[in-house]
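Read through the structure below, which is laid out as structure tokens, and then see the notes.
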Amino acid sequence: MKAVVDKDACIGCGLCTSICPEVFSMDDDGLAVAIDEELGEDVIDSAKEAADSCPTEAITVE
Ligand code: SF4
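Each residue of the sequence shown is one higher than the last, beginning at 191 in the numbering used here.
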């Protein structure tokens, strides 16, 4: 399972980085980026919570 941020949809609010900093961070453009690796069992729930909380539904976790 991986997390992906659609940069065209992200508005840079930073919410995902607050909810799940293990997976999401802000890049130099001020938009979110997800780690490019398989999510560990310990972070999947919080990554999904971040996806559910994103105001623009920019995050996919699958
Ligand atoms: S919560 Fe959504 S809109 Fe906000 S920074 Fe994360 S991906 Fe972007």
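Glycine is no exception: its CB is placed at the ideal position from the N, C-alpha and C atoms. On a predicted model such as this, the values are computed, not experimentally measured, just so you know.
Residue i CB to nearest heavy atom of the ligand SF4 below 7 angstroms
{"i": "P245", "result": "yes"}
{"i": "C210", "result": "no"}
{"i": "V233", "result": "no"}
{"i": "I201", "result": "yes"}
{"i": "V195", "result": "yes"}
Of the residues the options, the one placed nearest residue i, counting alpha carbons only
{"i": "I234", "options": "P211, P245, D218 and A248", "result": "P211"}
{"i": "S243", "options": "I209, A224 and M191", "result": "I209"}
{"i": "M216", "options": "E227, D226, C203 and E228", "result": "C203"}
Buried/exposed call for residue i, threshold 16 Cβ in 10 Å
{"i": "I249", "result": "buried"}
{"i": "A241", "result": "buried"}
{"i": "A199", "result": "exposed"}
Discussion item. Runs of 4 residues minimum, wholly inside the stretch 198-249: which ones carry the alpha helix (DSSP H) assignment?
Written reply: 205-209 and 231-243
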